[in-house]
Every structure is written in structure tokens, then in C-alpha cells.
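In order, the protein sequence lines correspond to chains B and E.
Each residue of the first sequence is one higher than the one before, starting from 79 at the first, in my numbering.
Each residue of the second sequence is one higher than the one before, starting from 262 at the first, in my numbering.
From the three backbone atoms N, C-alpha and C, an ideal C-beta is built for every residue, glycine too.
Because the structure is a prediction, the values reported are computed rather than measured.
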Amino acid sequence: DSGVTQTPKHLITATGQRVTLRCSPRSGDLSVYWYQQSLDQGLQFLIQYYNGEERAKGNILERFSAQQFPDLHSELNLSSLELGDSALYFCASSVRGGSGNTIYFGEGSWLTVV
Amino acid sequence: QQQVKQSPQSLIVQKGGISIINCAYENTAFDYFPWYQQFPGKGPALLIAIRPDVSEKKEGRFTISFNKSAKQFSLHIMDSQPGDSATYFCAATRARETSGSRLTFGEGTQLTVNP
């Protein structure tokens with residue numbers, strides 16, 4: 079158990095809908111990351127927050143957004159869903175920055191768009 | 262510049278054998294190279310990591326070899342066991358002190374260790 083908690087574990091929704099994925103980082107971790115894992119794209123970095131502020135953006139679509147709240151939990155919002163958005167979405171966290179800081183991954187949220 | 266290339270895509274090894282997975286990167290600014298192990302239904306978990314100031318790091322049966330001039334690094338699993346069967350990802354990052362370590366992953370290698 080990495081200490082990173084993600085909900086829901088599985089989600090099935092229809093095209094055009096909006097979903098919210100939730101993440102609680104490990105206790106004491108200030109950085110939260112979102113990654114997408116799919117068969118064709120592999121593991122792709124989406125976005126990073128550090129202590130409530132956006133720090134880095136990766137391959138995140140405009141239809142997707144995220145935020146980190148004062149209690150450090152984070153939410154990833156996916157809207158106008160398409161079939162291609164079906165993937166495993168991971169949240170990860172780390173204490174802060176610096177080379178050598180371990181990033182811990184949650185078990186992921188499986189999103190299926192039908 | 263941000264890519265990490267990993268090979269092979271899949272690997273089958275007999276119990277007790279050596280598993281070798283290779284990765285190559287392009288961005289010379291990367292300064293931290295972790296390997297992650299992922300079992301079905303689970304998130305990636307850090308296995309071992311290396312910084313470019315050393316050429317090798319060993320932890321138990323797992324060894325990373327790092328060649329800075331060639332921009333390549335590899336994972337060696339000695340005495341491979343069926344329990345090692347999983348997907349392995351190499352990754353690279355340039356960690357910034359005030360933020361975090363955004364990982365660029367390789368494509369993954371599905372390792373099967375036959376009993």
C-alpha cells in the first residue's frame with residue numbers, strides 16, 4: 079500500500095459525460111501528480127500540483143482540468159468524454175522536489191467510456 | 262528531447278536466469294532515473310533508482326547500470342523468480358527542488374519468469 083488513495087476504482091460512463099476522479103496523497107506529501115495509462119500511449123504525465131498551485135502541465139487535454147485543495151487532496155475533472163479517454167488514471171504524490179524524491183502511485187481509477 | 266525508449270517490449274526468462282531491460286534517453290538534463298514495477302491491477306511502485314554520478318547501483322537481486330556518455334541505462338534482475346513477473350517501466354526526470362519530479366516513462370517491458 080503506497081498510501082495514495084484514489085476513488086472511484088472503477089467508473090463506466092457514456093460519451094459526452096463528465097466525471098471527477100479524487101486523490102488523497104500520502105500524509106505529508108505536498109506534490110500531487112496525475113498520469114494516464116493506456117495501451118497505445120503508455121504512461122503519460124498529465125499535470126502536477128504543489129501545495130495547491132499548478133506546477134507543470136504535460137499531455138493534458140483542454141477538456142480535462144485538475145485542482146489541489148487546501149487539505150492537499152486533488153481532483154481530476156474529465157468532461158465531454160470520448161471513447162478514447164478510456165484509460166487507467168493514476169494519482170501520485172511526493173514530499174516535495176529535488177532529485178531522489180520518490181513518487182508514490184495510487185492504484186488508479188479505471189475509466190471506461192461507452 | 263523528452264522521450265525514453267525502452268526495450269524489449271516483452272521478455273520471457275526461466276527461473277534463476279538473468280532478466281535485462283534496456284532504456285535510452287535523449288534529454289541530457291535528466292538527472293534521476295528510476296525503475297518502476299507494476300503488477301496487474303496495481304499502480305507502479307518504485308523498484309530502484311540511480312543518479313548520473315554513478316555507473317551502477319545494486320539492491321538485492323536488482324542492479325541498474327548507467328552509461329552517461331551513451332545516454333543509456335539498464336535493469337538487471339539476477340536469479341529471476343516467478344514472483345518477478347510484472348511490467349517494468351524505466352523513467353527519467355529532471356527534478357526541481359521547489360516542485361517535484363515529473364516522470365517521463367519508457368514504453369514498458371512485460372516480464373514473464375517461467376518456473
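In this structure Gly304 of chain E touches Phe183 of chain B by the C-beta definition: roughly 3 Å separates them, less than 8 Å.
Taking CB atoms only, Thr85 of chain B has no neighbour in chain E less than 9 Å away. When DSSP states are grouped into helix, strand and coil, Leu139 of chain B belongs to the coil group. When C-beta atoms of the region 328–339 of chain E are compared with those of the region 161–172 of chain B, fewer than three pairs fall below 8 Å, so the two segments do not count as touching. As the crow flies, the alpha-carbon of Thr370 of chain E is around 12 Å from that of Phe300 of chain E. Beta-bridge partners assigned by DSSP to His337 of chain E: E:Ile281, E:Thr324.
Take Val265 of chain E, set aside five residues on each side of it, and the residues of its chain with a beta-carbon closer than 7 Å to its own are Cys284, Tyr286, Cys351, Ala352, Ala353, Thr365, Phe366, Gly367, in chain order. Inter-residue distance for Val173 of chain B and Tyr111 of chain B is about 12 Å (C-alpha atoms, whole angstroms).
Per DSSP, the beta bridge partners of Gly120 of chain B are B:Ser116. Taking a beta-carbon distance threshold of 9 Å, Glu317 of chain E does not count as an interface residue toward chain B.
Beyond the five residues adjoining it in sequence on each side, Phe123 of chain B comes within less than 6 Å, by CB distance, of Tyr113, Gly136 in the same chain, given in chain order.
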